[in-house]
Amino acid sequence: MCNPNRKNCHEVNFNPNACGCSEQRVPRLLQPFILLVLKGKDSYGYELIEKIGEFRFHNSPPDVGAVYRNLRAMEKEGWVKSKWDTKGAGPAKRIYRITPQGEEILHGWAITLRKRKEALEQFLKHYQSHYEKSQRNERR
């Protein structure tokens, strides 16, 4: 949890977007989440937004505009394809599906995130051992 009383990250004129302890969104993680949801099943935009929100990697649902911008960019890269679904009641919906290239990208993301997870676990392990040691020393 972010501690706003700490001088090193919340000084006057500090840019809160640069704070490593803020709970800001991590936009690059949106792409692997989109690909992961599409790996499970073809989906339309609103359904993707709901499914990504279920992962709860943010305190709020993903930004609708960001999801659609990423979908367009990912389609341009060949990671997803879309088609219009005109069946059923209501307006036509664009249905997205992951491509074989998108599956390769998803696999790459999984490898990268696994490595980052290991690095973060090491960081937390060392932090905890040093922090707890310093806390014990301060209590004496």
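Numbering-wise, the sequence shown is residues 924 to 1063 according to the working numbering.
Every residue gets a Cβ at the ideal spot worked out from N, C-alpha and C, and that includes glycine.
Note that the structure is predicted; figures quoted are calculated from it, not measured.
What residue does the alpha helix (DSSP H) around LYS962 start on, and which one ends it? To locate residue 962, count along the sequence shown from 1; it is residue 39. First-last of the alpha helix (DSSP H) with LYS962: 953-963.
Can you give me the Cβ contacts of LYS1016 inside the same chain, cut-off strictly under 6 Å, excluding the 5 residues immediately before and after it? The residue labelled residue 1016 in the question sits at position 93 within the sequence shown. Closer than 6 Å at Cβ, skipping near neighbours: TYR967 and ASP1008.
Quick one: grab the DSSP three-state call for TYR1050. Sequence index remark: in the sequence shown, residue 1050 carries index 127 (1-based). The answer is helix: DSSP assigns TYR1050 an H, G or I state.
Continuous beta strand (DSSP E) assignments of at least 3 residues falling wholly in the stretch 987-1043: 1003-1008 and 1016-1021
Among residues of its own chain, excluding the 5 on either side of ALA1033, which ones have a beta-carbon nearer than 7 Å to its beta-carbon? By one-based count along the sequence shown, residue 1033 stands at place 110. Correct list: empty, nothing qualifies.
If you check the beta carbons only, do LYS1097 and VAL960 fall under 7 Å apart? Since the first residue of the chain shown is 924 and the last is 1063, residue 1097 is not available in this structure.
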